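Here the structure comes first, spelled out in structure tokens, and everything after it is commentary.
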Amino acid sequence: MTSTQTTSTTGTPDGAPYLEVTDLTVKFPTADGLVNAVSDLSYSVPLGRTLGIVGESGSGKSVSSMAVLGLHDARSARITGSIKVGGREVVGMDERDLRSLRGNTVSMIFQDALAALHPFYRVGQQLAEAYRVHHPSASKKEARARAIDMLDRVGIPSPKSRVDDFPHQFSGGMRQRVMIAMGLINDPALLIADEPTTALDVTVQAQILDLLQDLQREFNSAIIMITHDLGVIAEIADDVLVMYSGRAVEYGSTREILSHPEMPYTWGLLSSVPDVHSDTNARMIPIPGTPPSLLNPLPGCPFEPRCAHRDKVPGDLCSTTLPELRPGGRGAGHVKRCHLPDPDAIYEAEVLPEIAPDLAKEN
Amino acid sequence: MSHLRPESEPTPDDKPVLAKDEVGEAPAFDDLVEQTHTANVLDPSAKPILTVDNLKMYFPIKSGGVVRRKVGDVQAVDGISFEVPAGGSLGLVGESGCGKSTTGRLITRLYKPTGGSMRFEGHDLAQLTDKEMKPLRREVQMIFQDPYSSLNPRHTVGTIIGTPLQVHGIVPKNKVLGRVQELLEVVGLNPEHYNRYPNEFSGGQRQRIGIARALALQPKVMVADEPVSALDVSIQAQVINLMQDIQAEFGVAFLFIAHDLAIVRHFCPEVAVMYLGKIVEIGDRESIYSHARHPYTQALLSAVPDVKQAVIGGRRERIRLEGDVPSPINPPSGCRFRTRCPLAQEICAKHEPPLLQIGKRHKVACHFPGEIGKHPTEPLTARLLGVDHAGNPDPGASPSTDLDTKPGYDDTWFDLDTKTFARA
């Protein structure tokens, strides 16, 4: 299977991308057989940029980014391909080296902050621990000062007193801020945020997204934002990777993907959520069916059984041949995995008038 | 409703591959479009089926120790009034902790309200005893947020949907199964699956089971408390379209509680915005989403991420709300939003703004109501409250007497632009 290199589109003038994932495949043996959680995934993120990864539950978004931190059980998970973080290969790295990587140069923010924070320890202790693990020479006093400094930076009011609070004494948005503070305490070059705002109110979500963007500007770190909310992607991401059934199905700059999507799955994601300012004649068009099993991948396009535009492809190409990730009609920076001959025209003529009548008229 | 094709279901005993015959052919795009709905439309002539007037729910806080004295109240819902039109839908939005779920639970009488009335077909639901309530329970049903915890894992789907039918004696015992199968078909599930357990279904399918259970008693009002927020995006649209189908077919009125402003906009022609137990703004879709006059509604709307802005390029200016929602145990004096409000002045701490009708179907509770950037500098409500601009009593002014918030809308309202009373 050939996978188009997408690095060229994201490379920054100052050199190679910080994170480079090449042909990553993750398989888990189960009682029912081998689960192909991620197949031939390639992407890259340079410093100072944000990559958004979208897809349904079970599309491999979280599995692929957990592999970046080496969080899969090395005894059971079968990982092939390469993950290079700042030039160092993560796949096959031994546990001791991984430990020096985690929370230091690469850190992760989890969705459920209440579950991710330890209920027995004070917030300050947990933050200080993350600091002292990677700075063995730092004294407890220094670590505490650092914790207070981080809490202040993520916008926790009166951090000097709140540092001695327990996680349950914080509200949902504040806990998420503590998680972000913990993730950033060692100035990581790469931050992976796994649905960091899904459980939060819109107002708090807006605060967190603003915070992440401010901190990115300050530290020039690379961010991977995993979400199923295209609105969040529109706010924060520079590039978007759409995943389905463990594979990348579309990749490009955020503006390209949201204004000229070329893959029916992306159309489905766009059409299943209404927009708060859209025309009231807009429809919510769901994606029929449910995601396919990852145990025995289909021979053709994984989205074929649910695709409403399959009849526009001649013959049985969709059910027999897996499409390659190729540039469509919109330049080399925008790649998609689909057999449709002229997707942009179909989108403008058929999909857009139903999901955004006002936009379709303007065009 | 034959078009509601059953979804495929991942069953552990079946072949793991998603076989073609199991999923059925995906419909062509045109057919798919035909199965969906555009946003629900307001019927201004619809009579209210449920009228909520000055509803209050205070949860007592007891002190510790042997004698558990009452030391305070959580004012979860504090005097809200609204109407739900027959066959229509009212949306209830707000941040977590604003009392929207409590309101839903009051209407279904899972709680007995502390005060106020809920009039439904000649009955006041707030006053009825549990025994008097029972026959009315079939008229008001609820769809819950979490499809995983709201279905009993040890009961089959047939039992779950059939129990309300038996409790209320709607159909004879030997007809229950047939009715259950009909209901399963209505919500787009395979009627042969009545003897399966909830764990055999996906999240979207479980939510359909919850809807079938609520629909079993043919209620006139359904309270949907965050019905799609636990579902995957692609499934959300399926469930919303199903609820629109049900509303069109059976004429059920919905109280739709959600924090997703875009989905509420699609489903509800009328929306009420709650903050800390009070309604701060209520109106039809156009008034709330395009002409919001309350700073909280404006902040809430500006915080919603917008997919389209990426297409146009650039970012909308966001109104940042500082801090968190204050505690409902000891809410701020005067206007409850004032601690986070960019417009707050002296009067806001002294007087609670009345919910003033400012349009044909638009009410707002603010001393300084106006469009973004055009909020008045002097409180508009001062004259009505009989105070000066700082909120101190004005001996020369006579306070308006009927500032009590009534459900529904009047024929006359206070026009913000001309500052006079206008008429329909």
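Residue numbers (this note's numbering), protein chains in the order written: chain D, 43 to 405; chain U, 5 to 428. Ideal Cβ positions, reconstructed from N, Cα and C, are used throughout, including at glycine. Note that the structure is a prediction, hence the values are computed from the model and not measured.
Asked                                                                                                                                                                                        : Found
Mind pulling the chain D residues with CB within less than 9 Å of GLN240/U?                                                                                                                  : SER314, VAL315, MET326 and PRO328
Out of curiosity, what's the CA-to-CA distance linking ILE388/D and SER313/D?                                                                                                                : 14 Å
Just to confirm the assignment, what range does the beta strand (DSSP E) spanning GLU274/U have?                                                                                             : 274-279
Alpha carbon to alpha carbon, how far is THR106/U from LYS135/U?                                                                                                                             : 22 Å
Whole angstroms are fine: how far does the CA of ALA216/U sit from the CA of MET406/D?                                                                                                       : Absent from the model: residue 406/D. The displayed extent of chain D is 43 to 405, so no value can be given.
Secondary structure at ILE266/D, three-state DSSP: helix, strand or coil?                                                                                                                    : strand
Given that a residue counts as buried once 16 or more other Cβ atoms are within 10 Å of its Cβ, and exposed if not, what is LYS19/U?                                                         : Reliability fails at LYS19/U, whose pLDDT of 34 lies under 50, so the model's placement of it is uncertain and the value that follows must be treated cautiously. LYS19/U should be labelled exposed.
Spatial neighbours of HIS302/D within its chain, please: CB distance less than 8 Å, with the 5 preceding and 5 following residues excluded, ordered by chain position.                       : ARG372, HIS376, ASP386 and TYR389
Are LEU143/D and VAL127/D closer than 9 Å when you measure CB to CB?                                                                                                                         : yes
Bridge partners for LEU93/D per DSSP, in chain order?                                                                                                                                        : ILE266/D and ASP281/D
Within 10 angstroms of the Cβ of LYS69/D, are there 16 or more other Cβ atoms? Answer buried if so, exposed if not.                                                                          : buried
Confirm, please, whether the CB-CB distance from PRO403/U to GLN79/U is below 9 Å.                                                                                                           : no
Go ahead and pull the three-state DSSP assignment for VAL27/U.                                                                                                                               : With a pLDDT of 45 at VAL27/U, under the threshold of 50, the modelled position of that residue is not reliable, and the figure given next carries that caveat. Of the three classes helix, strand and coil, the one that applies to VAL27/U here is helix, per DSSP.
How about ARG200/U: is its C-beta nearer than 9 Å to some C-beta of chain D?                                                                                                                 : no
For the region 362-427 of chain U, which segments carrying the beta strand (DSSP E) assignment without a break, of at least 3 residues, lie completely within its bounds, in sequence order? : 366-368, 416-419 and 424-427
Got a sec: is the Cβ-Cβ distance from PRO195/U to anything in chain D below 9 Å?                                                                                                             : no
In this structure, what does DSSP give as the bridge partners for PHE86/U?                                                                                                                   : VAL56/U
Against chain D, does LEU280/U count as a neighbour if the rule is that its beta carbon must be under 9 Å from one of theirs?                                                                : no
Where does ASN78/D land, buried or exposed, given buried means 16+ other C-beta within 10 angstroms?                                                                                         : buried
What do you get for VAL2/U, buried or exposed, if any count of 16 or more other CB atoms within 10 angstroms of its CB means buried?                                                         : The shown model of chain U, from 5 to 428, leaves out residue 2/U, and the question about it has no answer.
Hey, how far is the Cα of THR269/D from the Cα of GLY400/U?                                                                                                                                  : 59 Å
How many angstroms separate the CA atom of GLU304/D from the CA atom of GLY100/D?                                                                                                            : 22 Å
Going by alpha carbons, who is nearest to VAL291/D out of SER84/D, ASN146/D, ARG91/D and LEU89/D?                                                                                            : SER84/D
Just the chain D side, please: which residues come within less than 8 Å of ASN245/U by C-beta, in chain order?                                                                               : MET326 and PRO328
I'd like to know if GLN168/D contacts chain U, where contact means its C-beta is closer than 9 Å to some C-beta of that chain.                                                               : no
Under 8 Å Cβ-Cβ, which residues of chain D neighbour SER100/U?                                                                                                                               : GLY214 and ASP243
Quick one: which chain U residues come within Cβ less than 9 Å of VAL274/D?                                                                                                                  : PRO309
Considering just the uninterrupted stretch of the alpha helix (DSSP H) at ASN245/U, what are its terminal residues?                                                                          : 237-254
For HIS270/D, go through chain U and note every residue whose CB falls closer than 7 Å to its CB, in chain order.                                                                            : ASP236 and VAL237
Taking Cβ positions only, does ASP358/D come closer than 9 Å to chain U?                                                                                                                     : no
Just checking: is the beta-carbon of ARG352/D within a distance shorter than 9 Å of some beta-carbon in chain U?                                                                             : yes
So MET326/D is in the alpha helix (DSSP H); what residue range does that whole segment cover?                                                                                                : Looking at the DSSP string, MET326/D is not in any alpha helix (DSSP H), and its letter there is neither H nor E.
By the DSSP assignment, the alpha helix (DSSP H) with SER105/U in it spans what residues?                                                                                                    : 104-111
From what residue to what residue does the alpha helix (DSSP H) around ALA303/U run?                                                                                                         : 299-307
Run through DSSP, which three-state label would SER313/D get?                                                                                                                                : helix
Taking Cβ-Cβ distances shorter than 7 Å, what residues in chain U pair up with PRO348/D?                                                                                                     : The sequence given here places Arg at residue 348/D; Pro does not occur at that position. Chain U residues near ARG348/D: ALA30.
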